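This report refers to the structure that appears directly beneath it.
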Amino acid sequence: MASSKKISLKSSDGETFEVEEVVALESQTIKHMIEDDCADNAIPLPNVTSKILAKVIEYCKKHVETPTADDRVAEEDLKVWDADFVKVDQATLFDLILAANYLNQRVLLD
């Protein structure tokens, strides 16, 4: 990953996750908070539980780490990974959709 700066994200149930800035920037909501200098401390995410935030971070990391530019194999592998990622119970999927919407994480919503 290009950036080594860490961003702290705090879930609605109080758990803090430290992630690479490049991973956090996958969320437009978090990106705007960083741009507005609201990221000095942990960024509070009152609408996202730690269980769902961990899943969203996993998703963002995978998308940041997978090269897709002109790499059809990697792109296909990512599509398969994405399909497997959303094979969860209905309640978790619903929470993931709500979190993706709140975080303005368009790729996850698609």
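Using UniProt numbering, the first residue of the sequence shown is number 1, and each one after it goes up by one. The beta-carbon is built from N, C-alpha and C at its ideal position, and this holds for glycine as well. Bear in mind the structure is a predicted one, so any value in this text is a computation, not a measurement.
Here's a check: name, in chain order, each residue in its chain whose Cβ is nearer than 6 Å to the Cβ of residue i, leaving out the five neighbours to either side.
i	result
Asp95	Ile52
Val19	Ile7 and Ile57
Glu15	Ser50
What residue from the options has the CA that sits closest to residue i's CA?
i	options	result
Lys61	Leu78, Asp37 and His32	Leu78
Ser27	Val64, Lys5, Val73 and Asp13	Val64
Leu25	Glu75, Ala83, Tyr59 and Asp71	Tyr59
residue 146	His32, Ile30, Glu21 and Leu108	This structure leaves residue 146 out entirely; the chain is present only between 1 and 110.
Ser12	Val73, Ala42 and Asp82	Ala42
Glu21	Gly14, Lys31 and Glu15	Lys31
Phe17	Glu35, Met33 and Ala54	Ala54
Asp40	Asp71, Asp70 and Lys5	Lys5
Under 8 Å Cβ to Cβ from residue i, same chain only, skipping five residues before and after it: list those, please.
i	result
Leu93	Val86
Asp110	none
Excluding the 5 residues flanking residue i on each side, which residues of the same chain have their C-beta closer than 7 Å to its C-beta?
i	result
Val23	Ile57, Cys60, Lys61 and Val64
residue 148	One cannot answer for residue 148 here, as it falls past the ends of the chain, which runs 1 to 110.
Lys10	Thr16, Ala42, Ile43, Pro44 and Leu45
Cβ contact check for the region 89 to 108 and the region 42 to 49: 3 or more pairs under 8 Å
yes
Any chance you could list the alpha helix (DSSP H) runs of at least 4 consecutive residues sitting entirely within the UniProt domain "SKP1 component POZ" (5 to 64), in chain order?
21 to 24 and 28 to 35
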